[in-house]
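S.K.: Take this structure, written in structure tokens, and hold onto it; I'll ask about it next.
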Amino acid sequence: MKRMVVQTSRPYDILSERGLLSQAGDLCRRVNSGQKVLLVSDSQVDPLYGGRVARALEEAGYTVARFVFPAGEESKRLSTVSDLYAALAQARLTRPDLLVALGGGVTGDMTGFAAATWLRGIDFVQIPTSLLSMVDSSVGGKTGVDIPEGKNLIGAFWQPRLVLVDPDVLETLPPAFLTDGMGEVIKTACIRDEALFRRLETGRALEPDALEETVWRCIDIKRGVVERDERESGERKLLNFGHTLAHALERHYHYQGLTHGCAVALGMLRITQAAERHGLSAAGTAVRLETVLKQYGLPVDDPAATSLLLEGIAMDKKRTGSDIDLVLLHIIGDAYLHRLPLQELAPFFGK
Ligand code: GLY
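Position one of the sequence shown corresponds to residue 0 (numbering that gives the first Met the number 0), numbered consecutively onward.
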């Protein structure tokens, strides 16, 4: 079994092995001594893995209740969390008990938020089942929900007690979900690891063995960043490369149709093209990025008008007063923060 320790304010393990879902109960027991679990999943993931994980938890002595919500980013809202609180109340989860998030980023973010706020904070475990949640959202303790005014505007930093990564689940993932996750994989390579980017450029990153290695490398990069800057006061902002435009685009499309990874792909390319025009990224960076995005089926054309993007950026969390911190690349593998007054944003994007 592969193991990595995340040294945050409350350290926790990330474990990875094929078939790990069936060991979820014993592994949760190592970090939590409660009686009850609320297992949270969505309508796509629950039929695939919910029964298996519930059985494993029961075999480890937990009483298991389940909460299943409709799959999709549209569900990542306060009304779903409110239903989740009702399920917690009905199952009578107390402080020592446990929430388990089984699913993708939406499930992990919402379950983590419920865990951070239920009885002022209880334990939760992340079992990511999408590529995107394995390489990014399940690690680092960002939890939250969207509101109509913007993505992830409500939330809390609340670290999980454990993250369980079972690479087997990637084999049953529909191709569109792999493509979506590749948006975050490419982002990770762009900001911190040129060697990983070169491996992606071979076009073989989605082959099973290569994928497992890629996932573990991405998690390790994220672990390092989160350890050095748990609450995003500096370096962690680099993980938001492409996200300023991505969040604006997702909001523009009402969180439907354009998936997060695809929005990040568009955001990374658009900002790198602009940075290159201003001499803030090395010549050729955007073309290299565009080639890899296309290789993995990610979009490179932006159908939304820049004016709409600018409106969305006004709500962005990376704003500090009248400035915004943009994440740019010196070169592939080396990201940095560039502070820009908001009024210079439109000219930066060529408007
Ligand atoms: N997904 C970006 C972060 O966890 O900081």
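All C-beta atoms, glycine included, are put in the ideal place defined by N, C-alpha and C.
Beta carbon of V134, beta carbon of N239: below 8 Å?
M.R.: Their beta carbons are not under 8 Å apart, which means V134 does not touch N239 by this criterion.
S.K.: Measure the C-alpha to C-alpha separation of A114 and G120 and round it to an integer number of angstroms.
M.R.: Their backbone Cα atoms lie some 5 Å apart in a straight line.
S.K.: Which whole-angstrom value describes the C-beta separation of C352 and L56, a residue pair presumed to lie in contact below a C-beta threshold of 8 Å?
M.R.: The structure shown does not extend to residue 352, since the chain is modelled only from 0 through 350, so no value can be given for it.
S.K.: If the criterion is Cβ atoms closer than 8 Å, does the pair L98 and V39 meet it?
M.R.: Contact: yes.
S.K.: According to DSSP, R2 sits in a beta bridge with which residue or residues?
M.R.: Partner(s): L14.
S.K.: Confirm the yes/no value for this check: CB of G139, any heavy atom of the ligand GLY, distance under 7 Å.
M.R.: Answer for G139: yes, Cβ within range of the ligand GLY.
S.K.: Can you grab the Cα-Cα spacing for the pair V52 / H329, in whole Å?
M.R.: Near 44 Å, if we compare the C-alpha coordinates of H329 and V52.
S.K.: First and last residue of the beta strand (DSSP E) that includes Q125?
M.R.: First-last of the beta strand (DSSP E) with Q125: D122 to P127.
S.K.: Taking just the CA atoms, how far does A100 sit from Y395?
M.R.: The question about residue 395 has no answer, for the chain in this structure spans 0 to 350.
S.K.: Helix, strand or coil for F347? Go by DSSP, reduced to three states.
M.R.: Correct three-state label for F347: helix.
S.K.: Using alpha carbons as the reference points, say which of G18, W157 and G60 lies closest to S32.
M.R.: Considering only alpha carbons, the answer is G60.
S.K.: Bridge partners for T62 per DSSP, in chain order?
M.R.: Its beta-bridge partners are K35.
S.K.: May I have a chain-ordered list of the beta strand (DSSP E) segments no shorter than 3 residues that lie completely inside the region 114 to 202?
M.R.: You should have 122 to 127, 141 to 146, 149 to 156 and 161 to 164.
S.K.: Can you give me the start and stop residues for the alpha helix (DSSP H) that G223 sits inside?
M.R.: First-last of the alpha helix (DSSP H) with G223: P207 to R227.
S.K.: Can you name, in chain order, every residue of its own chain whose Cβ lies under 7 Å from the Cβ of S136, other than the five neighbours on each side?
M.R.: These residues qualify, in order along the chain: G104, G107 and D108.
S.K.: Relative to the C-alpha of V63, which residue among E72, V80 and K35 is closest?
M.R.: It is K35 whose Cα lies nearest to the Cα of V63.
S.K.: Near T110, what residues of its chain come up, given a Cβ to Cβ distance below 7 Å and the 5 sequence neighbours on each side ignored?
M.R.: Excluding sequence neighbours, T110 sits near V39, L98, A100 and F123.
S.K.: How many Å lie between A204 and V214 at the Cα?
M.R.: So the two alpha carbons sit approximately 10 Å from each other.
S.K.: Would you call the CB atoms of L77 and V162 closer than 8 Å?
M.R.: No, the pair does not count as a contact, with Cβ atoms beyond the cut-off.
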